[in-house]
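Residue numbering for the sequence shown is 556 to 891, as defined by my numbering.
Take a look at the structure set out below.
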Amino acid sequence: MTGKGKGPGTAARTDNFEHALVLETARVTEGAALAASRWVGMGDKNAVDGAGTEAMRELLNTLDIRGTVVIGEGEMDEAPMLYIGETLGQGQYEVDIAVDPVEGTSVTAKGLPNGLAVIALSEKGGLMHAPDCYMEKLVVPPPAAGRVHLEWPVEANLAALAQSLDRGVEDLLVTILDRERHADLIRRVRAAGARVKLIGDGDVVASLAVGVRGTGVHALMGSGGAPEGVLSAAAMKCLGAEIQGRFIAEDDAMRERFQAMGVDENRVYRTEELASGSQMVFSATGITYGELLSGVRRFGGGARTHTLVMGYASRVVRFIDTVHLEDDGARVTIRV
Numbered sequence: 556m557t558g559k560g561k562g563p564g565t566a567a568r569t570d571n572f573e574h575a576l577v578l579e580t581a582r583v584t585e586g587a588a589l590a591a592s593r594w595v596g597m598g599d600k601n602a603v604d605g606a607g608t609e610a611m612r613e614l615l616n617t618l619d620i621r622g623t624v625v626i627g628e629g630e631m632d633e634a635p636m637l638y639i640g641e642t643l644g645q646g647q648y649e650v651d652i653a654v655d656p657v658e659g660t661s662v663t664a665k666g667l668p669n670g671l672a673v674i675a676l677s678e679k680g681g682l683m684h685a686p687d688c689y690m691e692k693l694v695v696p697p698p699a700a701g702r703v704h705l706e707w708p709v710e711a712n713l714a715a716l717a718q719s720l721d722r723g724v725e726d727l728l729v730t731i732l733d734r735e736r737h738a739d740l741i742r743r744v745r746a747a748g749a750r751v752k753l754i755g756d757g758d759v760v761a762s763l764a765v766g767v768r769g770t771g772v773h774a775l776m777g778s779g780g781a782p783e784g785v786l787s788a789a790a791m792k793c794l795g796a797e798i799q800g801r802f803i804a805e806d807d808a809m810r811e812r813f814q815a816m817g818v819d820e821n822r823v824y825r826t827e828e829l830a831s832g833s834q835m836v837f838s839a840t841g842i843t844y845g846e847l848l849s850g851v852r853r854f855g856g857g858a859r860t861h862t863l864v865m866g867y868a869s870r871v872v873r874f875i876d877t878v879h880l881e882d883d884g885a886r887v888t889i890r891v
């Protein structure tokens, strides 16, 4: 076991960090959501993202970690904070960090549903350093894990999913990003008899909705951001659901980047490869209202947040409803 001391001159630990950091990680996404919520509906997506990013970085630096950002706001020359490779904290737990301080900056700026603050932590090497490109994705709930395959025809996967859930294909609802590139996929899903839920943004929260029973959504299909695929993988691992992904190279420059990063564009990556860590903490806090998480609800002198936080090794899933009294002397009558 490595040393337990804190500070830059001591060895870092990775053992049992979940128990120490699950609730602290929830505090990080709560803080980012609270900061971003000040800009909900104001029409300025840069301000939304800036507020969430600054708050998340500040809170991460208070945790008992030595963290390295592997999924972040961009490369060092593109992002002033939470850039890929940035190190955070001077504590004892050595972790890799994947963040999306505001998933859905546009929808949050417009006051639309499913704006989210998201983070995942693992031991070093436990989260894939994915290139910033598109990824073809298939996400299914726990009963269908291991029973579908990204390379199968859409119709075959829908049939396998329906059988896994003991229902007909016509009872399935599939979430797909509303993009022109998905026109044929949407047509085929509908032709097979399943229904389609089109979304404008936010495939991490869409993946969460697949992994949690009772949302009425049964799969996510189509292509979206690869970094979001890694964040989704961390969540699916904690939930026992499954994501399969294949990286998409749009040009030769991206293929060269794949080669440098050890990424195979012809390979289907599964949950355990995208999020390989034996310890994993995932937290998401709603900024705007969604089917899974309520958004930040403000009142005089404070606000209320709704968070989903999970630990893989500790086998814990928590929904946390928190009242934050932000102003001195603020009071609130608690109600359900």
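Idealized CB from N, CA, C, for every residue including glycine.
- The straight-line gap separating the alpha-carbon atoms of Ala653 and Arg822 is approximately 22 Å.
- Judged by beta-carbon spacing, Leu728 lies within the 7 Å limit of Gly771, meaning their Cβ atoms are closer than that value.
- Assignment of beta-bridge partners to Ser677 by DSSP yields Asp651, Met835.
- Within the stretch 751-819, the beta strand (DSSP E) runs of at least 3 residues that lie entirely inside it are, in chain order, 774-780, 797-803.
- In summary, Thr584 is buried, with 16 or more beta-carbon neighbours lying within 10 Å of its beta-carbon over all protein chains present.
- Straight-line measurement puts the Cα of Val864 at about 7 Å from the Cα of Val577.
- In the structure shown, the three-state DSSP call for Asp687 is coil.
- Secondary structure at His704: coil, using DSSP grouped into helix, strand and coil.
- Apart from the 5 residues on each side of it in sequence, Val759 sits with its Cβ closer than 6 Å to the Cβ of Glu658, Val673, Glu783, Leu786, Ser787 in its chain, given in chain order.
- DSSP places Met865 inside the beta strand (DSSP E), whose first and last residues are 857-866.
- Contact between the stretch 838-858 and the stretch 687-705 is absent, with fewer than three C-beta pairs closer than 8 Å.
- For Leu829, the secondary structure class from DSSP, reduced to helix, strand or coil, is helix.
- According to the DSSP assignment, Gly622 belongs to the beta strand (DSSP E) that extends over 620-626.
- Between Ile875 and Ala581, the C-beta spacing is below 7 Å.
- Rounded to whole angstroms, Val709 and Arg742 show a C-alpha spacing of 10 Å.
- Relative to Asp882, the option among Ala858, Tyr867, Glu827, Arg768 whose CA is nearest is Ala858.
- DSSP, read as helix, strand or coil, puts Arg886 in coil.
- Residue pairing by DSSP places Ala672 opposite Thr840 in a beta bridge.
- DSSP places Pro656 within a strand segment (E or B) once states are collapsed to three.
- Under the 10 Å beta carbon count, Gln814 is surrounded by fewer than 16 other beta carbons and is classified as exposed.
- For Ile875, the uninterrupted beta strand (DSSP E) run begins and ends at 871-880, by DSSP.
- The alpha-carbon of Leu614 is positioned some 24 Å away from that of Ser661.
- Here the alpha carbons of Leu720 and Val703 stand approximately 12 Å from one another.
- In this structure, DSSP gives Thr617 a state outside helix and strand, which the three-state scheme calls coil.
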